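Residue numbers (the working numbering): 41 to 750. Please read the structure below before turning to the comments.
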Ligand code: MOS
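Set out below in C-alpha cells:
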C-alpha cells in the first residue's frame with residue numbers, strides 16, 4: 041500500500057483512552073507475579089532482627105525437614121556473586137551482594153531464604169530457621185546536632201554537594217526583612233499498589249546458561265544489567281519482562297535484593313522461583329525517602345526582592361550504600377538573589393537503603409523553600425503571589441544559562457485567576473464557618489526536564505500496520521498510550537494502526553521510567569525511528585511498502601540544547617483548607633495545580649499523572665510518616681493500617697490545568713515530563729493554607745492535629 045496519502049488528525053494532545061485499559065480492567069494484562077510457569081517454587085526471605093552485627097549461625101534443620109522445602113539459602117551455602125555497581129553513581133551496591141557475607145547492615149536485611157513447593161510452606165519454614173547473631177550497637181537517629189555528619193563528595197554523581205555565590209552572611213545581616221527557620225520532613229515510604237515481585241526462570245546450563253525474569257520494574261535494562269553482573273552472565277543472556285507494572289514511584293527503578301534472591305533461588309533449586317515481597321517486607325527492602333532537616337534563611341528588601349537565599353540540609357543515608365537526596369537543588373534555580381548558598385550534610389546510619397522516591401530532592405526541598413517564601417510574604421506584608429513575581433530570575437541564577445522556557449509566572453497568574461485567589465485578607469483566623477477556620481495557600485512547583493539515551497525500532501507491513509518496539513516501561517503512567525500517540529504522529533498514521541511493544545529487555549535499549557524522563561526520551565527515539573522508516577520508504581521504495589514490509593531504527597543520545605539551556609517544568613499549587621478549631625482536624629476541600637510542562641501528549645493520562653502527584657503531596661502534607669523505633673532500628677508502622685496514606689475520603693476537589701507552552705529545545709515533541717512535578721509544592725501550599733487559617737506555622741511534616749492544638 042502507499043502511505044501518507046492523507047495526513048491523519050494529530051494524535052498528540054488528544055485525550056485518548058488508555059490503549060492498555062481493556063486488558064487491565066478485564067484482568068488480561070499480566071503482572072510479574074502472574075506469569076504461569078511450570079514447576080514453580082516459592083521464595084520467602086528471612087530478615088535480620090538486629091540492625092548491626094553479624095550472623096553467627098543458621099540452624100535450618102527443622103526447616104529442611106519440613107515436607108515441601110526445596111532449599112534454605114544463606115551466606116553459608118549461597119553461590120558466589122560478582123559485585124554489582126549502581127548504574128547512576130557507579131559505586132558498588134553491597135545491598136545486592138545477597139548472602140555474600142555474614143555482615144548485617146540494617147534490621148530487615150535478608151539473611152536467609154526458604155525455597156519451597158508452596159508459598160505457605162516457604163513462609164512456615166522461614167519461621168523454623170533459627171538465626172543467631174552477634175549484635176553491635178547501632179546508630180539510627182538523625183539529628184541536626186549529632187556528630188559524624190559528613191559532606192558527601194557529590195549528590196548521586198549528578199549535582200554538586202554545596203553551592204556558594206556572593207556573600208550570604210553579609211546580605212542576611214544587612215537585609216531589612218530576614219528569616220531563619222528550620223523545616224523537617226519525616227521518613228516516607230513509597231507504596232505502589234503492586235508489591236515488588238520477581239519470577240526467575242533459568243534455562244540452558246554451563247556456557248549456555250541464561251535467565252528470564254518476570255519482574256515488576258521501571259526499566260528492564262537496568263535490572264538485566266545488574267543481574268548479568270551479579271551472575272557473571274553476558275547481558276543478552278538475561279531477559280527481563282514487565283509490560284505492566286502496578287505503580288513504582290522510584291521504588292522499582294533499580295534492582296533491590298529480592299531480584300537477586302529470586303534469581304539465585306531459581307539457579308540453586310534448578311527450578312523456576314517466585315518471590316513477592318509482603319507489604320511489611322517492602323518497608324526494609326525497597327527504599328524510602330530520607331527524613332530531612334532543612335534550615336532556610338532568606339533576606340529581602342522591603343519590597344520583597346530577595347537579596348540572599350541559604351538552604352542547608354541535613355539528612356541520612358545507609359551505611360551499606362550512599363544515596364544523598366539532592367534536597368536543596370530547586371533552591372539553586374527557582375528565585376533570583378545575588379547572594380546564594382546551599383549545602384547537604386549527611387549522617388550514615390545503620391538503616392535500610394534510602395533511595396529514589398517521586399521527585400527526589402525537589403519534593404522535600406520545595407516544602408522548606410516554599411514554606412519559607414510564604415513566611416517571607418507575611419514578614420514583608422506582601423501577597424505571596426506578588427512575592428514570587430518579584431523574584432522571577434531572568435536566567436538560571438546559579439548556572440547563568442537561559443531557561444529553554446519558564447512558565448512559573450504564567451502558572452501563578454493563571455492559577456490565581458482560576459482559584460479565585462483575590463480578594464484575600466492575609467490575616468490568620470479571619471475567616472471561619474462554624475467551628476472551622478478557613479484558609480488558602482499557594483506554592484510553586486518545579487522539576488527538571490531530563491532525557492536519557494534510547495533506541496527504538498519501527499516496522500511497517502503491507503497492510504500499513506506499524507509496529508513500534510522499545511524497552512520503555514509503563515508503571516501506570518500512561519506510557520503505552522502516550523508513546524502510541526507520538527508514534528502515530530511521527531508515522532503520519534492513525535493510532536489504530538500503531539502497535540507498541542514495551543516492557544521487555546529483548547526490545548531496543550531504553551532507560552527507566554524515572555526522573556520524569558520517559559516520554560521525552562523514548563518518544564525522541566521513536567520520532568527518530570519513524571523518520572528513518574519514512575525516509576527509507578520514500579527513498580528506497582517509492583512510498584510503496586514491499587511484500588515483506590520494512591523496518592528502521594532510530595536513537596536519541598544527547599540533547600544538544602541541554603548544555604545551553606536550563607530546562608525545567610514549573611507549576612503553581614493552590615490549596616483551600618478547613619481546620620477544626622476544637623480538634624485541629626485539617627480538611628482540604630480544594631486543590632488546584634496549574635502546570636507548565638511543555639506539550640501535553642495525552643490530556644487524559646497527563647491529568648491523571650498530575651492529579652496523582654498532587655494527591656501524594658496531600659498525603660505527605662497530612663499523613664505520611666514512617667516511625668522509627670531507635671531501640672530496634674526499624675520502622676514500626678510498616679503496613680497500611682499504620683502507615684497512613686490519603687484515601688478518597690481525604691481528597692476533596694482536585695483541579696488540574698496547564699498552560700500552553702511551546703518549548704522547541706527539550707525534545708522534538710516539546711514535552712517536559714509530568715510524572716513527578718505534581719507532588720512538588722503541594723505540601724507547602726497546604727501548610728501555607730493551614731497558617732492562613734489558624735496562624736499556626738507547622739514546619740514539621742506531617743501536619744497532624746497535635747501540632748495545631750495549642
Ligand atoms: Mo522516579 S523517583 O525518578 O523513579
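Glycine residues also receive a C-beta, built at the ideal position from the N, C-alpha and C atoms. Values in this document were obtained by computation on a predicted structure and should not be read as measured data.
Where residue i falls, given that 16 or more other Cβ within 10 Å makes a residue buried
{"i": "residue 177", "result": "exposed"}
{"i": "residue 343", "result": "exposed"}
{"i": "residue 581", "result": "exposed"}
{"i": "residue 488", "result": "buried"}
{"i": "residue 452", "result": "buried"}
{"i": "residue 320", "result": "exposed"}
{"i": "residue 676", "result": "exposed"}
{"i": "residue 557", "result": "buried"}
{"i": "residue 294", "result": "buried"}
{"i": "residue 38", "result": "With the chain running from 41 to 750 in the structure shown, residue 38 is simply not present."}
{"i": "residue 680", "result": "exposed"}
{"i": "residue 347", "result": "buried"}
{"i": "residue 467", "result": "exposed"}
{"i": "residue 228", "result": "buried"}
{"i": "residue 756", "result": "There is no way to answer for residue 756, as the model of the chain reaches only from 41 to 750."}
{"i": "residue 41", "result": "The pLDDT assigned to residue 41 is 45, lower than 50, so where the model puts this residue is not dependable; a value taken from the coordinates is nonetheless given after this. Exposed."}
{"i": "residue 739", "result": "buried"}
{"i": "residue 371", "result": "buried"}
{"i": "residue 233", "result": "exposed"}
{"i": "residue 79", "result": "exposed"}
{"i": "residue 745", "result": "exposed"}
{"i": "residue 703", "result": "buried"}
{"i": "residue 197", "result": "exposed"}
{"i": "residue 255", "result": "buried"}
{"i": "residue 341", "result": "exposed"}
{"i": "residue 579", "result": "exposed"}
Residue i versus residue j - alpha carbon distance
{"i": "residue 44", "j": "residue 585", "result": "Only weak support is given to the placement of residue 44: the predicted model assigns it a pLDDT of 48, under 50, and the question is left unresolved by the model."}
{"i": "residue 734", "j": "residue 354", "result": "29 Å"}
{"i": "residue 209", "j": "residue 476", "result": "42 Å"}
{"i": "residue 301", "j": "residue 309", "result": "12 Å"}
{"i": "residue 707", "j": "residue 560", "result": "6 Å"}
{"i": "residue 59", "j": "residue 521", "result": "5 Å"}
{"i": "residue 577", "j": "residue 498", "result": "12 Å"}
{"i": "residue 444", "j": "residue 608", "result": "8 Å"}
{"i": "residue 511", "j": "residue 421", "result": "53 Å"}
{"i": "residue 152", "j": "residue 251", "result": "22 Å"}
{"i": "residue 662", "j": "residue 742", "result": "5 Å"}
{"i": "residue 373", "j": "residue 147", "result": "38 Å"}
{"i": "residue 409", "j": "residue 503", "result": "56 Å"}
{"i": "residue 612", "j": "residue 465", "result": "20 Å"}
{"i": "residue 166", "j": "residue 154", "result": "6 Å"}
Candidates the options: closest to residue i by CA position
{"i": "residue 182", "options": "337, 390, 551", "result": "390"}
{"i": "residue 307", "options": "280, 119, 447", "result": "119"}
{"i": "residue 191", "options": "201, 185, 197", "result": "201"}
{"i": "residue 99", "options": "79, 172, 78", "result": "172"}
{"i": "residue 564", "options": "352, 79, 153, 599", "result": "599"}
{"i": "residue 461", "options": "615, 394, 623", "result": "615"}
{"i": "residue 633", "options": "651, 626, 619", "result": "651"}
{"i": "residue 159", "options": "146, 145, 85, 457", "result": "85"}
{"i": "residue 69", "options": "281, 288, 105", "result": "281"}
{"i": "residue 711", "options": "643, 573, 593", "result": "643"}
{"i": "residue 508", "options": "730, 547, 413", "result": "547"}
{"i": "residue 554", "options": "409, 613, 128, 265", "result": "128"}
{"i": "residue 189", "options": "604, 352, 431", "result": "352"}
{"i": "residue 139", "options": "491, 718, 117", "result": "117"}
{"i": "residue 193", "options": "339, 185, 203", "result": "203"}
{"i": "residue 470", "options": "97, 729, 67", "result": "729"}
{"i": "residue 505", "options": "531, 593, 623", "result": "531"}
{"i": "residue 396", "options": "292, 424, 480", "result": "292"}
{"i": "residue 339", "options": "529, 641, 416", "result": "416"}
{"i": "residue 691", "options": "54, 726, 75", "result": "726"}
Residue i Cβ short of 6 Å to the ligand PLP heavy atom set
{"i": "residue 249", "result": "Of the ligands one can find in the structure shown, namely the ligand MOS, none is the ligand PLP."}
Short CB-CB distance (under 7 Å) between residue i and chain D
{"i": "residue 550", "result": "Absent here is chain D; the protein component of the structure consists of one chain."}
Does the contact criterion of 3 or more C-beta pairs under 8 Å hold for the region 358-367 versus the region 375-392? yes
Touch check for the region 92-106 and the region 323-331: three-plus C-beta pairs under 8 Å? no
Tell me whether the region 103-116 and the region 263-270 touch, counting them as touching only if at least three CB pairs, one residue from each stretch, are closer than 8 Å. no
Pairing CB atoms from the region 656-672 with CB atoms from the region 591-606, are three or more of them under 8 Å? Touching, no.
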